[in-house]
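Per the working numbering, the very first residue in the sequence shown carries number 125; after that it's consecutive.
Ideal placement from N, C-alpha and C gives every residue a C-beta, glycine not left out.
A quick note: this is a predicted structure, and the numbers were derived from the prediction, not measured.
All remarks here apply to the structure that follows.
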Amino acid sequence: MTIIHFRAVNYNAYTKLKEFVIQRLDKLSHFYNQIIEIYVFTKVENTSDKKNKKAEIKITIPGNNVVVKKICKTFEEGISSAANSAERILKKRKEKIRIKQELLSKKNYLKLNSIVGVSQIGYF
Numbered sequence: 125m126t127i128i129h130f131r132a133v134n135y136n137a138y139t140k141l142k143e144f145v146i147q148r149l150d151k152l153s154h155f156y157n158q159i160i161e162i163y164v165f166t167k168v169e170n171t172s173d174k175k176n177k178k179a180e181i182k183i184t185i186p187g188n189n190v191v192v193k194k195i196c197k198t199f200e201e202g203i204s205s206a207a208n209s210a211e212r213i214l215k216k217r218k219e220k221i222r223i224k225q226e227l228l229s230k231k232n233y234l235k236l237n238s239i240v241g242v243s244q245i246g247y248f
């Protein structure tokens, strides 16, 4: 289980919103298993526009952080949209790491085979 910090800026968040955040963001650990912490900030923007609910998700992972910000009509919509974006980012990052590990293992395998191949021929 990932540590999730929730902060409601300039308003009091209701319990259902907090439960929704925990339920929705706990799924992120299925896509990237090295998540250290997740910070969620929600804020009501002072605008006359109907889209005035701001949701920001900051995911702490080894190396650097992933930050996603969304402004929507409801906090649930903003959090869900930001979580979907974070999922895509984490999947891409995990794929890059997997490709790098594959390349390194192939490179080490080729080095090992070339050393073994040279010694089998009789060069010491």
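Status (buried if at least 16 other CB within 10 Å, exposed otherwise) for residue i
i	result
Gly-187	exposed
Glu-226	exposed
Glu-269	Within the shown structure, residues of the chain are numbered from 125 to 248, placing residue 269 beyond reach of any answer.
Lys-177	buried
Lys-224	exposed
Leu-152	buried
Phe-248	Per-residue confidence for Phe-248 stands at a pLDDT of 45, beneath the threshold of 50, marking its modelled position as unreliable; the derived number appears in the next sentence. Exposed: under 16 other Cβ atoms inside 10 Å.
Thr-166	buried
Val-191	exposed
Leu-228	exposed
Ser-243	Here Ser-243 scores only 49 on pLDDT, less than 50, and its place in the model should not be relied on; the value that follows carries that caveat. Ser-243 comes out exposed.
Ile-127	exposed
Three-state secondary structure (DSSP) of residue i
i	result
Ala-132	strand
Phe-155	coil
Tyr-138	coil
Bridge partner(s) assigned by DSSP for residue i
i	result
Tyr-163	His-129, Lys-182
Residue of the options minimising C-alpha distance to residue i
i	options	result
Phe-144	Ser-205, Arg-212, Ile-213	Ser-205
Arg-131	Phe-155, Thr-139, Val-164, Ser-153	Val-164
Ile-160	Leu-149, Gly-202, Lys-167	Leu-149
Gln-158	Lys-218, Ile-223, Ala-137	Lys-218
Phe-155	Ala-210, Lys-193, Glu-201, Ile-127	Ala-210
Ala-179	Lys-142, Lys-220, Leu-228	Lys-142
Ile-181	Ile-213, Lys-230, Lys-231, Lys-197	Ile-213
Asp-173	Lys-197, Ile-185, Ile-162	Lys-197
Lys-175	Gly-202, Thr-184, Ile-162	Gly-202
- Go through the segment 168-218 residue by residue and report every complete run of the beta strand (DSSP E) that reaches 3 residues or more, in order. Qualifying beta strand (DSSP E) stretches, in chain order: 177-184, 189-196.
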